[in-house]
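Just below is one structure, and these are the notes that go with it.
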Amino acid sequence: MALVPAAPLLQKAREGRYAVGAFNCNNLEILQAIIAAAEAEQSPVIIQASQGGLKYAGLEYIAAMVQEAANTATVPVALNLDHGTSFEQAVRCIRAGFTAVMVDGSRLPFAENVELVRCVVDVAHCVGVSVEGELGRIGGKEDDIVVAKEDAFFTDPDEACRFVEATGVDALAVAIGTAHGVYKGEPKLDFARLDKINKKVDVPLVLHGASGLSDESIRQAIQLGITKINIDTEIRQAFAQGVREVLAKNPDEIDPRRILGPARDRMQSVVQGKMRLFGCSRRA
Ligand code: G3H
Ligand code: ZN
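When we follow our numbering, the leftmost residue of the sequence shown carries the number 2, and every step to the right adds one.
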């Protein structure tokens with residue numbers, strides 16, 4: 002089927018009290034692994050391209066590849082811009098066929114974040130594309146976007162309510178103690194804050210930096226309104242482990258298919274595990 006927008010997938014997940022996995026994709030093997038996982042689990046899925054992913058693979062290239070994957074898939078697939086940086090980039094993605102865009106204005110003062118996201122919503126909604134905003138500042142490192150610990154801050158529930166009303170976003174990414182990349186030590190999530198945000202805000206909530214969280218934390222977050230969960234780092238780890246293992250066993254191997262194939266299998270199994278944990282298996 003053709004690519005679908007993210008908003009209806011997330012609305013359905015909210016009603017069913019589960020979350021849809023959003024998995025970052027940088028190349029063909031990652032895409033194939035995510036789609037194979039979604040097919041095996043009969044799960045809806047969001048594929049997303051980060052700033053680094055767009056730079057590495059090319060915006061139009063990613064869009065064409067994911068469109069083809071969706072066309073031949075039997076499960077609903079959405080394509081999301083992850084941590085979009087500007088109005089112009091969001092429009093370019095929409096034009097290339099993305100069905101969802103995240104506009105990350107979390108580095109901006111509140112009023113400027115609202116203004117940026119509202120402008121994207123105005124355009125995106127005209128053509129049925131969903132929009133995700135971010136309020137608060139999620140720490141850690143994702144490609145070129147680095148937010149130091151001292152610059153990260155949590156989402157304020159009252160501001161979240163005003164942000165959603167003023168922008169008309171379809172989903173809101175919240176900062177409650179998660180971080181991008183590999184955790185050093187046990188992450189401490191502010192579930193009381195998440196509960197407050199969920200009670201004040203009427204759109205699906207998004208958890209970034211979800212790689213490395215315990216299953217229990219993920220389950221609790223879903224109970225408290227998290228409806229979209231982003232995973233990148235654990236896919237990278239599975240990819241790297243797969244490649245390392247092949248080359249350690251056979252340092253003379255030069256066939257890219259033999260080097261990348263086992264990595265693809267490992268990534269698929271990580272994604273399937275997440276889909277089961279998120280409760281989106283058999284929800285296609
Ligand atoms: O936007 C992408 C995700 O938030 C990635 O988080 O580094 O924990 O996988 P992660
Ligand atoms: Zn993120």
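For each residue, glycine too, the CB sits at the ideal point set by N, CA and C.
- Here the alpha carbon of G169 sits roughly 11 Å from the alpha carbon of V202.
- Counting along the chain, the unbroken alpha helix (DSSP H) around L278 starts and ends at 257 to 279.
- In the structure shown, G210 falls within a coil segment according to DSSP collapsed to helix, strand and coil.
- The continuous beta strand (DSSP E) containing K229 extends over residues 227 to 232.
- The closest CA to that of E235, considering only R108, E217, R245, S270, is found on S270.
- Secondary structure note for I223: its alpha helix (DSSP H) is the uninterrupted segment 216 to 224.
- I223 is positioned such that its CB atom lies no closer than 8 Å to that of G22.
- Remark: the shortest separation between the CB of N231 and any heavy atom of the ligand G3H falls under 7 Å.
- Around the C-beta of N25, 16 or more other C-beta atoms lie within 10 Å, and the residue is accordingly described as buried.
- Annotation for L55: I63 place their beta carbon closer than 7 Å to its own, counting only its chain and skipping 5 residues before and after.
- Under the DSSP assignment, E89 falls in the alpha helix (DSSP H) whose first and last residues are 88 to 97.
- Secondary structure at D152: helix, using DSSP grouped into helix, strand and coil.
- Remark: the shortest separation between the CB of E187 and any heavy atom of the ligand G3H does not fall under 7 Å.
- For E133, the beta-bridge partners assigned by DSSP are M103, A172.
- Around the CB of K250, fewer than 16 other CB atoms lie within 10 Å, so the residue is classed as exposed.
- Within the same chain, and ignoring the five residues on either side of V115 in sequence, the residues whose Cβ sits closer than 7 Å to its Cβ are F164, A167, T168.
- Measuring C-alpha to C-alpha distances from Q238 to each of Q221, R258, G213 identifies G213 as the nearest.
- Annotated as distal: E160 and L190, with beta-carbon spacing of 8 Å or more.
- Its chain contains L278 as the residues whose beta carbon lies nearer than 8 Å to that of D216, once the 5 sequence neighbours on both sides are disregarded; these appear in chain order.
- The beta-bridge partner set that DSSP reports for G85 consists of V104.
- Note that the C-beta distance between A7 and N81 is below 8 Å.
- Placement of the Cβ of H84 at a distance of less than 7 Å from at least one heavy atom of the ligand ZN is found.
- Where K13 is concerned, the enclosing alpha helix (DSSP H) starts and stops at 7 to 17.
- The beta carbon of Q221 lies closer than 7 Å to those of F192 in the same chain, with the five residues before and after it left out.
- In the three-state reduction of the DSSP assignment, L80 falls in the strand class.
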